[in-house]
Each structure stands twice: as C-alpha cells, then as structure tokens.
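Counting from 421, one number per residue, gives the positions in the sequence shown under this note's numbering. Just so it is clear, CB atoms sit at the ideal spot from N, CA and C, and this is done for glycine as well. Some notes on the structure that comes next.
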Amino acid sequence: MIYWELFLAFLLPGVLGYGGGPAAIPLVEYEVVHRYGWMTSGEFAEMIAAGNALPGPIATKMAGFVGFQEAGILGASVALFAMVIPSLILMIALISLLMKYKDSPKVKQMSAIVRPTIAVLLGVMTLRFVGDSFDESGWIQTFLIMGVSYILLEMRKVHPAYVILMALIYGALFLH
Numbered sequence: 421m422i423y424w425e426l427f428l429a430f431l432l433p434g435v436l437g438y439g440g441g442p443a444a445i446p447l448v449e450y451e452v453v454h455r456y457g458w459m460t461s462g463e464f465a466e467m468i469a470a471g472n473a474l475p476g477p478i479a480t481k482m483a484g485f486v487g488f489q490e491a492g493i494l495g496a497s498v499a500l501f502a503m504v505i506p507s508l509i510l511m512i513a514l515i516s517l518l519m520k521y522k523d524s525p526k527v528k529q530m531s532a533i534v535r536p537t538i539a540v541l542l543g544v545m546t547l548r549f550v551g552d553s554f555d556e557s558g559w560i561q562t563f564l565i566m567g568v569s570y571i572l573l574e575m576r577k578v579h580p581a582y583v584i585l586m587a588l589i590y591g592a593l594f595l596h
C-alpha cells in the first residue's frame with residue numbers, strides 16, 4: 421500500500437506542477453505533510469533547505485528523499501518515477517507541437533498567468549514556514565536568520581547553498 425501512496429503522492433505534483441520544481445513544492449508539501457503525514461512542516465522545510473543546497477532539480481530530490489524515508493530504495497524509485505513520468509510523457513507527445521507554437525501570443529499569455537500563481541503558492545508556503553519558525557524558535561531567532569540571509573543573498577550576493585549551509589549550522593549549534 422505504501423508504494424501506491426508514494427506513487428499517488430508524487431504523480432499529482434508531477435502532473436499539476438507546471439513550472440518545474442518550485443511550482444511542485446507546495447503540491448508535494450500538501451501530499452507529504454497534510455494528506456499522508458509522513459513529515460511535519462518543520463521536517464519538510466528542512467528537507468527543502470537541504471535539497472536546495474544540493475545540485476539538481478528539487479522535485480526529484482524531494483521524491484527520492486521521501487520515497488527512501490518511507491519505503492527504502494524501491495520507495496525512492498516509485499516516487500521518482502511518479503514525479504517524472506507525467507513530464508516525460510508530455511515531452512514526448514507534445515514536443516513538435518510546442519516547437520511549432522512556442523512563439524504564439526496565447527502560449528506566452530498562458531505562461532504569464534501561471535507565473536504569478538506559482539509566486540503566490542510559494543509565498544503562502546513561505547509564510548507557513550515563518551509561522552512554524554516563530555512557534556519553534558521564537559521571533560528573535562527567526563528575524564535574525566531572515567535578516568542575515570537577506571543581507572548575504574541580496575547585498576553580498578552569496579550563493580544560496582552557502583546561506584542554507586550557514587543557517588543549518590546555526591540551527592544545529594544554537595537552536596533546539
């Protein structure tokens with residue numbers, strides 16, 4: 421039964437996650453945290469942070485991690501397959517159609533509509549993570565990490581992987 425649940429949990433984000441990994445994150449979060457209860461919101465946030473520090477697409481890293489955690493190597497394989505099969509099928513079936521209409525105003529308009537939707541979904545998830553951080557670490561720690569991260573990312577142009585690594589080290593040393 422766990423393999424079927426893993427398949428369904430990652431097939432839906434694979435089908436509906438138009439826009440790549442960032443678009444799939446809130447969908448995976450719903451499945452993994454809220455529907456199946458395999459992780460808490462905090463564990464999910466930690467998985468995203470660690471996954472973003474590693475090279476490669478975030479969607480497949482999420483699928484592999486959760487699948488392996490829940491059902492070992494076979495579970496990771498099932499979750500990965502479920503995450504990539506919708507895109508693979510669509511790419512094979514629609515590649516010539518996409519190439520023919522890639523400059524179409526309607527296709528560009530559709531993309532222009534989808535991008536703000538993805539931004540809103542990511543924003544809602546971020547607010548949820550900040551709320552969880554307030555609850556678990558307090559507002560001083562949360563604002564400290566947010567402020568230092570902002571300065572490092574936007575003003576100092578430090579690579580996000582290093583900022584995530586520093587936040588993980590800080591959390592390991594000073595939180596919990």
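May I have the straight-line CA-CA distance separating residue i from residue j, to the nearest angstrom?
i: residue 534; j: residue 587; result: 31 Å
i: residue 524; j: residue 473; result: 36 Å
i: residue 450; j: residue 573; result: 28 Å
i: residue 536; j: residue 445; result: 15 Å
So what does DSSP say about residue i, is it helix, strand or coil?
i: residue 520; result: helix
i: residue 459; result: coil
i: residue 477; result: coil
i: residue 548; result: helix
i: residue 577; result: coil
i: residue 421; result: coil
i: residue 428; result: helix
Hey, out of the options, whose CA is closest to residue i's CA?
i: residue 443; options: 424, 531 and 568; result: 531
i: residue 455; options: 475, 507 and 429; result: 429
i: residue 447; options: 478, 470, 589 and 421; result: 478
By a C-beta neighbour count over all protein chains shown, 10 Å radius and 16 as the cutoff for buried, is residue i buried or exposed?
i: residue 565; result: buried
i: residue 480; result: buried
i: residue 544; result: exposed
i: residue 539; result: exposed
i: residue 594; result: exposed
i: residue 471; result: buried
Is the region 460 to 472 touching the region 536 to 553, taking contact as three or more C-beta pairs under 8 Å? Yes: at least three Cβ pairs fall under 8 Å.
Spell out a yes or no on whether the region 572 to 591 and the region 476 to 494 are touching, meaning 3 or more CB-CB pairs, one atom from each, closer than 8 Å. Touching, no, given that fewer than three Cβ pairs across the two stretches are closer than 8 Å.
Please determine if the region 496 to 505 and the region 475 to 487 are in contact, where contact requires at least 3 C-beta pairs separated by less than 8 Å. In the pairwise beta carbon analysis, the region 496 to 505 is classified as touching the region 475 to 487: at least three pairs are separated by under 8 Å.
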